[in-house]
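Residues in the sequence shown are numbered consecutively from 1, following the numbering used here.
Ideal placement from N, C-alpha and C gives every residue a C-beta, glycine not left out.
Shown next, in C-alpha cells, is the structure this report addresses.
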Amino acid sequence: MSSTFPAATASLTISSKNYSSWALRGWLLCKLAKIDFVEDLQSFDDPSTRAELLHLTPSFLVPKLTIGAVEAWGSWAIAEVLNEINPHSGLLPESPEARAHCRSICGEMHSGFTNLRAALPMNLKAKHENFKVWAGAKPDIQRICAIWRDCLKRYGGPYLFGAQPTMADAMFAPVCSRFQTYSVELDLVAQQYCKTILQWDLLEAWRQSALNEPDELEELDLEF
Ligand SMILES: N[C@@H](CCC(=O)N[C@@H](CS)C(=O)NCC(=O)O)C(=O)O
1 MSSTFPAATA SLTISSKNYS SWALRGWLLC KLAKIDFVED LQSFDDPSTR AELLHLTPSF
61 LVPKLTIGAV EAWGSWAIAE VLNEINPHSG LLPESPEARA HCRSICGEMH SGFTNLRAAL
121 PMNLKAKHEN FKVWAGAKPD IQRICAIWRD CLKRYGGPYL FGAQPTMADA MFAPVCSRFQ
181 TYSVELDLVA QQYCKTILQW DLLEAWRQSA LNEPDELEEL DLEF
C-alpha cells in the first residue's frame, strides 16, 4: 500500500449544518487544513438516508472524510488525518508542549462534556433568552471556561493557542454557538473568546448556510 495520500478529490460527508456540531467540527478542520474538498450533505429527514449513511460511514455517524481509498470518520480521526496530509497548516501549534496540550483539550471535547451536549443541543437558528441550564451541565461549562482561561492566558489569544486558530478552536467552536443560543452566563474571558469564534469568517460562512437550510427537524431540537 502507498505511503502517500491519493491525489483524489476529498469529500466530507456531513448532515444538517444547523444541528450537527460534529459536522461543523469536521468542516472547520478541513478548512483549517486548507484542503480542497466537496461537501456531501446528507439529510436526516429523508427516510432513505440512514440506509445510505450506513454505506457512507461505518459508524453511522458524520462527519466522514474520504480521499480516494482513504476514509476517516469521527472528528478526532479526521483532525489527525488532516494533520498528516498537511502538517504545516497550523492545525496543531508549533511547540511539543503546546501540541500535547492542544491534543489533550481536543480529547476532552471529543470524549466528554456529555451533559452539556445533552442539555444545550446546537441549533444555530434558535435563541433562548431565559434558558434554565440543567445543574448537571454546569460542571461541564465550568471546566470548558477553565480550559479557555488557561489557554488564553498561556498563549495570549485571541484563539486558544495564540494568533491563529488550531484544531482546538474547531473542536470548541460549536460550544461557543451553544452558549450564544442559550444565553449562558460567562466570565469576561469566555465571553471574549466566544465573540472571537462567532466572528470567525469560517464560522460565519457555516452559519449562513445553516440559516438557509430548510426547517424544521423538531426531534433534533432536543436530541442533538
Ligand atoms: N464522536 C463523533 C460523533 C459524531 C456524531 O455523533 N455525529 C452525529 C451528528 S452531530 C450523527 O452523525 N448522528 C447520526 C444520527 O444520529 O443518525 C465525532 O467525533 O465525529
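Alpha-carbon to alpha-carbon, residue j and residue i
i      : j      : result
Lys17  : Thr181 : 15 Å
Phe131 : Val184 : 8 Å
Ala77  : Glu108 : 14 Å
Gln192 : Trp134 : 24 Å
Pro6   : Cys106 : 27 Å
Ser111 : Asn212 : 30 Å
Tyr155 : Glu94  : 12 Å
Asp225 : Ser104 : Outside the displayed span of the chain (1 to 224) sits residue 225, for which this structure offers no information.
Gly90  : Leu41  : 26 Å
Leu92  : Gly68  : 24 Å
Ala210 : Ile147 : 28 Å
Ala118 : Val175 : 12 Å
Ala173 : Thr4   : 31 Å
Leu202 : Ile141 : 24 Å
Ser59  : Val189 : 37 Å
Ala79  : Pro165 : 13 Å
Ala205 : Thr114 : 27 Å
Among the options, nearest to residue i - alpha-carbon criterion
i      : options                           : result
Glu39  : Leu12, His128 and Arg154          : Leu12
Thr9   : Ser3, Glu71, Tyr19 and Gln42      : Glu71
Pro121 : Pro87, Ser177 and Ile14           : Ser177
Pro214 : Ser59, Ser43 and Trp73            : Ser43
Leu61  : Thr4, Ser21 and Thr196            : Ser21
Lys64  : Leu92, Leu32, Ile35 and Ala23     : Ala23
Thr66  : Ile14, Ile147, Ala173 and Trp148  : Ile14
Glu129 : Phe179, Leu32, Asp140 and Gln199  : Phe179
Leu160 : Arg207, Ala33, Gly68 and Lys195   : Lys195
Cys151 : Ile197, His101, Gly136 and Gln142 : His101
Lys138 : Gly157, Leu116 and Trp73          : Leu116
Leu186 : Ile144, Gln164 and Ala205         : Ile144
Extent of the continuous alpha helix (DSSP H) to which residue i belongs
i      : result
Val175 : Met167 to Thr181
Val81  : Ser75 to Ile85
Glu39  : Where Glu39 is concerned, there is no enclosing alpha helix (DSSP H), although the beta strand (DSSP E) it sits in stretches over Phe37 to Leu41.
Tyr193 : Leu188 to Gln199
Leu28  : Ser21 to Leu32
Lys138 : Lys138 to Tyr155
Pro96  : Pro96 to Ser111
Asn234 : Absent from the structure is residue 234, since the part of the chain shown begins at 1 and ends at 224.
Asn115 : Thr114 to Ala119
Start-to-end residues for the beta strand (DSSP E) that takes in residue i
i     : result
Lys64 : Lys64 to Ile67
Ala10 : Ala10 to Ile14
Closer than 7 Å: residue i CB and nearest ligand 3 heavy atom
i     : result
Val81 : Although ligand 3 was asked about, the structure shown includes only ligand 1 as ligands.
> Using 8 Å as the threshold, is the stretch 82–92 in touch with the stretch 123–143, meaning 3 or more CB pairs across them?
Replying inline: no
> Are the stretch 168–176 and the stretch 16–30 touching by the rule of at least three beta carbon pairs closer than 8 Å?
Replying inline: yes
> Under a criterion of Cβ closer than 5 Å to any non-hydrogen atom of ligand 1, which residues qualify, in chain order?
Replying inline: Ser20, Trp22, Leu61, Val62, Gly74 and Ser75
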